[in-house]
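Numbering (numbering that gives the first Met the number 0), first residue to last: 0 to 210. All residues carry an ideal CB built from backbone N, CA and C; glycine is no exception. All values derive from a computational prediction rather than experimental measurement. Quick notes on the structure that follows.
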Amino acid sequence: MKKNVIVGKNSFVDKTAILGVEAPRLKKTQKLIIGEGANIRSNAVIYTGTTIGKNLQTGHNVIIREENKIGNNFSVWNNTTIDYDCRIGNNVKIHCNCYIAQFTTIEDDVFMAPGVTIANDMHPGCSHSKDCMKGPTIKKGTQIGCNVTIVPFVTIGENCLIGSGTVVTKDIPANSVVYGNPGRVQKNVFDLKCITGVTDKPYKNKERNGK
């Protein structure tokens with residue numbers, strides 16, 4: 000283990016994982032800090048300058064770039080990349096084959112299904128693009144379906160449900176069900192009914208708690 004890598008107790012790091020990669024863009028050596036109870040699977044790569052809380056779970060071939068601040072109970076699965084300088088809260092789950100662009104904010108309790116792509120450059124190729132890059136902000140408790148694309152600068156409110164294949168091009172108010180290309184608000188998430196019959200309303204616990 001490199002001197003600038005700190006991994007908490009009761010952690011497993013696969014022998015093929017690479018911890019403490021130093022990005023050329025960083026002007027000085029920084030530490031990689033990972034809390035206790037981590038499970039870092041094969042071929043994961045995590046850069047310095049990043050801080051991750053307790054109970055990290057990675058799949059295989061995960062990349063977490065530099066200067067990310069990530070909370071507790073973060074799960075990130077196979078072939079997903081978290082680019083640099085993102086802010087990710089507690090209890091966030093990001094599934095396989097996702098790309099999280101630089102300067103993205105993801106709050107607590109967010110779930111992303113496989114294939115989600117997040118962008119941060121409104122005008123690719125513009126000579127000023129590096130001066131105004133900004134990923135989206137995804138608020139607490141939002142659930143995002145498979146193969147969703149989210150453009151730069153938008154904010155998705157709390158407790159939203161974004162349907163598979165949606166392209167999010169503008170701000171979404173809290174508690175919205177959104178689907179389509181471009182994504183449009185279809186209904187309130189608390190009005191959804193469970194078609195399986197297991198429950199009457201799938202999100203009634205959030206409604207009861209006033210979230």
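Collapsing the DSSP output to three states places lysine 186 in a strand.
It is roughly 9 Å from the alpha-carbon of lysine 30 to the alpha-carbon of glutamate 21. For valine 147, the closest alpha carbon among the candidates Ala173, Thr165, Asn158, Thr136 is that of Thr165. Just so you know, the alpha carbons of asparagine 72 and arginine 86 end up roughly 14 Å apart. With a threshold of 16 other beta carbon atoms within 10 Å, isoleucine 194 falls short and is exposed. The C-alpha of asparagine 174 lies about 14 Å from the C-alpha of aspartate 108. The C-alpha of lysine 8 lies about 5 Å from the C-alpha of glutamate 35.
Our two residues, glycine 114 and isoleucine 143, have alpha carbons roughly 10 Å apart in a direct line.
Secondary structure note for serine 175: its beta strand (DSSP E) is the uninterrupted segment 175–178. Bounds of the beta strand (DSSP E) holding leucine 31 are 31–33. For isoleucine 39, the beta-bridge partners assigned by DSSP are Val12.
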